[in-house]
Amino acid sequence: MEVPMALPDPSSLSPGLLGFLDDHFKTLPDLTSASSLAAKLRSDCCDSEGDLIDLKTKLSSLLSLWTSLSNDVSDLLDRIDSDLCFSPDGYEEVDFGRVERALCVELPLLAKEVRRVETVRSYVETALRLESLVGDLEDAAYSSLSQNMRATLSNASTPIDIGSKQENLLLAIKAMKNIEEVLVRITNCRPQWTHLLNAVDSRVDKTLCLLRPHAIMDHRTVLSSLGWPPQLSASNLENGKSSELPNPLVLMQGDKKEMYAQSFLTLCSLQHLQAQREARQEDLNFTDIKEPCKKTYIDCSLWATDELVSAISSSMDKHFSKWIDEPKFIFALVYKVTRDFVEGVDDVLQPLIDKARLVGRSAKEAWVSSMVKMLFKYLKTKCFSAFMDRYHNTGGDLDSTSSWLHLVDLIITFDKRMRAIIISGTPVMESSLLPGGISGTLSLLSMFCDLPDWLGIWSDIELKDAEEKLKSELDNERAWKIDLKQEHENFTVQDELYLLSSREDYRAPLIAETVFKIAWTMMERCQSLPNMCHQIQFIRSSTTKFLHTFFNTLHQCYYETEWVENFIDDNSLLRLSGAINAARYSESILHEWSEDIRFLEMKALEDDGIISGPLKDDSRVLRCFFADEIEVLLNLETDFVEEIVSSLLTEFDSLSSNYIQNKEQWIHHASLDSNISISSDLIEPLDMLRNRLRVLNASLNVKDFFDIWRCVAGGIDHFIFTSILSSDVVFSVQGAHQFTADMQALFQVFKSFCPRPGAFFPCLSDLLKLLTLTSREAKQLLELLSKNEEEMESQRRLGVHCVSSAQAEKVLKNLRFENQC
Numbered sequence: 014m015e016v017p018m019a020l021p022d023p024s025s026l027s028p029g030l031l032g033f034l035d036d037h038f039k040t041l042p043d044l045t046s047a048s049s050l051a052a053k054l055r056s057d058c059c060d061s062e063g064d065l066i067d068l069k070t071k072l073s074s075l076l077s078l079w080t081s082l083s084n085d086v087s088d089l090l091d092r093i094d095s096d097l098c099f100s101p102d103g104y105e106e107v108d109f110g111r112v113e114r115a116l117c118v119e120l121p122l123l124a125k126e127v128r129r130v131e132t133v134r135s136y137v138e139t140a141l142r143l144e145s146l147v148g149d150l151e152d153a154a155y156s157s158l159s160q161n162m163r164a165t166l167s168n169a170s171t172p173i174d175i176g177s178k179q180e181n182l183l184l185a186i187k188a189m190k191n192i193e194e195v196l197v198r199i200t201n202c203r204p205q206w207t208h209l210l211n212a213v214d215s216r217v218d219k220t221l222c223l224l225r226p227h228a229i230m231d232h233r234t235v236l237s238s239l240g241w242p243p244q245l246s247a248s249n250l251e252n253g254k255s256s257e258l259p260n261p262l263v264l265m266q267g268d269k270k271e272m273y274a275q276s277f278l279t280l281c282s283l284q285h286l287q288a289q290r291e292a293r294q295e296d297l298n299f300t301d302i303k304e305p306c307k308k309t310y311i312d313c314s315l316w317a318t319d320e321l322v323s324a325i326s327s328s329m330d331k332h333f334s335k336w337i338d339e340p341k342f343i344f345a346l347v348y349k350v351t352r353d354f355v356e357g358v359d360d361v362l363q364p365l366i367d368k369a370r371l372v373g374r375s376a377k378e379a380w381v382s383s384m385v386k387m388l389f390k391y392l393k394t395k396c397f398s399a400f401m402d403r404y405h406n407t408g409g410d411l412d413s414t415s416s417w418l419h420l421v422d423l424i425i426t427f428d429k430r431m432r433a434i435i436i437s438g439t440p441v442m443e444s445s446l447l448p449g450g451i452s453g454t455l456s457l458l459s460m461f462c463d464l465p466d467w468l469g470i471w472s473d474i475e476l477k478d479a480e481e482k483l484k485s486e487l488d489n490e491r492a493w494k495i496d497l498k499q500e501h502e503n504f505t506v507q508d509e510l511y512l513l514s515s516r517e518d519y520r521a522p523l524i525a526e527t528v529f530k531i532a533w534t535m536m537e538r539c540q541s542l543p544n545m546c547h548q549i550q551f552i553r554s555s556t557t558k559f560l561h562t563f564f565n566t567l568h569q570c571y572y573e574t575e576w577v578e579n580f581i582d583d584n585s586l587l588r589l590s591g592a593i594n595a596a597r598y599s600e601s602i603l604h605e606w607s608e609d610i611r612f613l614e615m616k617a618l619e620d621d622g623i624i625s626g627p628l629k630d631d632s633r634v635l636r637c638f639f640a641d642e643i644e645v646l647l648n649l650e651t652d653f654v655e656e657i658v659s660s661l662l663t664e665f666d667s668l669s670s671n672y673i674q675n676k677e678q679w680i681h682h683a684s685l686d687s688n689i690s691i692s693s694d695l696i697e698p699l700d701m702l703r704n705r706l707r708v709l710n711a712s713l714n715v716k717d718f719f720d721i722w723r724c725v726a727g728g729i730d731h732f733i734f735t736s737i738l739s740s741d742v743v744f745s746v747q748g749a750h751q752f753t754a755d756m757q758a759l760f761q762v763f764k765s766f767c768p769r770p771g772a773f774f775p776c777l778s779d780l781l782k783l784l785t786l787t788s789r790e791a792k793q794l795l796e797l798l799s800k801n802e803e804e805m806e807s808q809r810r811l812g813v814h815c816v817s818s819a820q821a822e823k824v825l826k827n828l829r830f831e832n833q834c
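According to my numbering, the sequence shown holds residues 14 to 834 in order.
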């Protein structure tokens, strides 16, 4: 009888073992599988023991390796010790020369050699890799070209042939893509391998020169099988009617649709790779930043859309040739075809563009760009060439210039209509488009950027046309008429000095507003130029020259002024006032234009030295685009204002000479009269001054009139005071009262322009204060002045601020009171 085996205490088992038993023996029937589980456990234990033996073997091997390395390090240290020698006293001496040579010479040479070997190895591997890829490209291209040649010889091209050609083209494109990836890595990491880059680019370019024409030929075959191009009829255009044209792209189905899609994707891939190669070779991004005026437009067309347009253009040429003298029909036909096909092209091609992963490409924009480019070539070679010959043969007569301007108007309108097609149905703001008229596409006016002579002729024609318009306006008397302010409008200058905004506020003649409307129209026309640098050149050659012509006309007003004995009459004052008002209004308009963001960018280009422009150091002129023109106007305004002031002062001096020279009139000792009248010799100059200022107040703008009457007041103040002082005039009490009455009458002339006119006659006001002192006050002040004791403080206490102590002393000494002999 077997003794049963004692079961272990469950509490003595580990948690892991208890969990293992619970997982395998959940129920009583599970005990039947105990033998098989035990066998499995024994097998796992044997495997684990084998793994342990392997680990021990590897550990032993690693220990042996470590020991070997340790011995090598020990030998190395022994060799280093052999370089050391010891002196008898135990001092260690080292062969530093040998150590220095090893560290500073031998090791760098060894490292350099290692790098050279690594570079050679990398170069050889890269060259072999490129040789293989270029070989694959040339094999695929050769297969495709061979198929084209066989198809040409057999004069047959079936859909099966096209499909087979597309497969070979795709193999060539894949090989070229792999080549470009390697070349990009070389350009970024090994730019010094120029010979390798040039050699590979040369072979790839030769292959592409053969591959692209055949790819385009295959695409044209596909288009022809679709029924493209559609039949065009321009008779409806000439009759003023328009009917939509059928679009074969929308009508294609089945295998033809699939075949066209494959051909389209192939061309897109080929073009995309070509663009990548050109960007790498020419570094276009850096070039654009360095020379912002070089590139005039961004060509957004695709080779596939170019082929669509190329097929249509052959049908259009026969219509264009009939309309060489009626270009409006040419533009109408191109616009009609573009508009009729744009929706179908967008619906069919945009999904294919997205499938080709051409980020940022638009089928609608590519279609419009191709159509514009087609018309661009025709206008450049046919229309403008004919107009150029006519312009030179006729010497720029009226008919040739009118035809030229009419054609430019048609181009500008056409560009705007093309832009409308692009943005139609697209949630994009028109302000985000480029200034070239079409967003990122070729503008028809870019032909003037490519041909500077044509741009010069265009600007000359615009200038002549504007000058003719100006000439016709100058002959109109109403153009120079200004709105005179009524006399009952007794306003103060300070109230309206800073409220000038419109032409009426400046009282400028109508001719000034007409001139700037013409100038703005000229600048608006050049906005369609796709490059800002050429816009600047156009404005400088036409608009600014036209403005200077008008400024010269304003300046001519001075030479046409009628002088009567060196004095300006009222009619001449009106003429000069109109010229000053026009100049002031023109200045405000130019300042307003210069604050526009477009002209700020233009000025920045000039300041950067990209193109030449005016640079003024005068602090009166801000650094702005129209700085030169503003400077001319400022000088003109200053000259005219100075002439008016000088004329008024000269005339006042002449008329008041008897009054100033009659010194006896202020010495007499007659009794004081409470009703003192104005001196008879002063009535005429005051009357002249009042009449002239009334005319100027009615005709001149507020700011300049304010400057003129203040200058006149200051000039008269200085003239009378210095005349009295230099003549040693002696004033009696009666004479002082007479002089005071006369000066108050003078102040009254300026009363309507400011509430306290005496403030603008500081010297005369101080003189009157001295003349009205009592005998006691005059004596006390004179004693202080003669002793130099607090003289300035004494003068200020009396309200005398502008007259110096010496001048005040001289006046006081010439005062004669009643008790004086």
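Cβ atoms here follow ideal geometry from the backbone N, Cα and C, with glycine treated the same way.
Predicted model only: the values in this text are computed from it and were never measured.
From what residue to what residue does the alpha helix (DSSP H) around Ile-610 run? 610 to 620
Per the contact definition of three or more C-beta pairs closer than 8 Å, is the stretch 772 to 789 in contact with the stretch 812 to 827? Enough Cβ pairs lie closer than 8 Å, so yes.
For Ala-185, which of Lys-377, Thr-200, Ala-153 has the nearest alpha-carbon? Ala-153
Check whether the stretch 694 to 702 and the stretch 659 to 670 are in contact - that is, three or more C-beta pairs closer than 8 Å. A contact exists between the stretch 694 to 702 and the stretch 659 to 670.
Who are the near neighbours of His-285 in its chain, counting only those whose CB is closer than 8 Å to its CB and skipping five residues on each side? Cβ neighbours of His-285 beyond the five flanking positions: Ala-369, Leu-371.
Please list the segments of the alpha helix (DSSP H) lying wholly inside the stretch 339 to 426, counting only runs of 4 or more residues, in order along the chain. Within the stretch 339 to 426, complete alpha helix (DSSP H) segments of at least 4 residues are found at 340 to 368, 376 to 391, 397 to 407, given in chain order.
Given Glu-517, which residues of its chain have a CB within under 8 Å of its CB, disregarding the five upstream and five downstream residues? Asp-496
Local conformation of Ser-328 per DSSP, three classes: helix
Okay, do the stretch 556 to 574 and the stretch 582 to 592 touch, 3+ Cβ pairs below 8 Å being the bar? Flag = yes, the stretch 556 to 574 and the stretch 582 to 592 touch.
Under 8 Å Cβ to Cβ from Gly-813, same chain only, skipping five residues before and after it: list those, please. Correcting the residue type first, residue 813 is Val in the shown sequence and not Gly. Around Val-813: Asp-779, Lys-782, Leu-783, Ala-821.
Thinking just about the alpha-carbon of each residue, which of Met-615, Leu-423, Val-235 is nearest to the one in Glu-279? The sequence given here places Thr at residue 279; Glu does not occur at that position. The candidate whose alpha carbon is nearest that of Thr-279 is Val-235.
Helix, strand or coil: which one does DSSP assign to Gly-771? helix
With DSSP collapsed to three states, give me the class of Ser-745. strand
Hey, out of Leu-646, Ile-343, Leu-245, whose CA is closest to Ile-602's CA? Restricting attention to Leu-646, Ile-343, Leu-245, the CA atom closest to the CA of Ile-602 is found in Leu-646.
DSSP three-state assignment for Val-816, whether helix, strand or coil: coil
Helix, strand or coil for Phe-564? Go by DSSP, reduced to three states. Helix.
Backbone secondary structure at Ile-451 - three-state DSSP: Per-residue confidence for Ile-451 stands at a pLDDT of 48, beneath the threshold of 50, marking its modelled position as unreliable; no derived number is given.
Using 8 Å as the cut-off, can you tell me whether the stretch 228 to 244 makes contact with the stretch 265 to 283, which would need three or more C-beta pairs spanning the two stretches below that distance? yes
Which first and last residues belong to the alpha helix (DSSP H) in which Asn-704 is found? 693 to 712
Which residues in the same chain have their Cβ closer than 7 Å to the Cβ of Thr-407, if we skip the five residues on either side of it in sequence? Ser-413
Quick one: using the 10 Å Cβ neighbour count with 16 as the cut-off for buried, is Gln-244 buried or exposed? exposed
Beta-carbon contacts of Leu-738 that lie in its chain and below 8 Å, excluding the five residues immediately before and after: So the qualifying residues of the chain are Gln-820, Lys-823, Val-824.
Which partner residues of Arg-829 appear in the DSSP bridge assignment? Under DSSP, Arg-829 forms a beta bridge with Ser-745.
Does any heavy atom of the ligand ADP sit closer than 7 Å to the C-beta of Lys-386? By its list of ligands, the structure shown contains no ligand whatsoever, and the ligand ADP lies outside what it can speak to.
Skipping 5 residues on each side, what residues in its chain have a beta carbon closer than 7 Å to that of Thr-753? Leu-781, Leu-784, Thr-785
Pick from Ala-140, Ser-159, Ser-177, Leu-158: whose alpha carbon is nearest that of Arg-198? Closest by alpha carbon: Ala-140.
Which residue wins for smallest C-alpha separation from Phe-653, given the options Asn-594, Gln-678, Ile-673? Asn-594
Using the DSSP secondary-structure output, state which residues sit across from Ile-729 in a beta bridge. Beta bridge pairing from DSSP links Ile-729 with no other residue.
Does DSSP classify Ile-680 as helix, strand or coil? coil
Cα-Cα separation between Ser-541 and Pro-261, rounded to whole angstroms: 34 Å
Using C-beta distances below 8 Å, list every residue in its chain close to Gln-751, excluding the 5 sequence neighbours before and after it, in chain order. Gln-678, Trp-679, Ile-689, Ser-692
So, helix, strand or coil for Ile-581, using DSSP? In the structure shown, Ile-581 sits in a strand (DSSP, three-state: E or B).
Cβ distance (whole Å) where Pro-775 is taken to contact Cys-724 below 8 Å: So it is not a contact: roughly 14 Å between Cβ atoms.
Using C-beta distances below 8 Å, list every residue in its chain close to Asp-730, excluding the 5 sequence neighbours before and after it, in chain order. Taken in chain order, the residues that qualify are Phe-773, Phe-774, Pro-775, Cys-776, Leu-777.
Secondary structure at Asp-779, three-state DSSP: helix, strand or coil? helix
Got a sec, what are the start and stop residues for the alpha helix (DSSP H) Trp-471 sits in? 465 to 487
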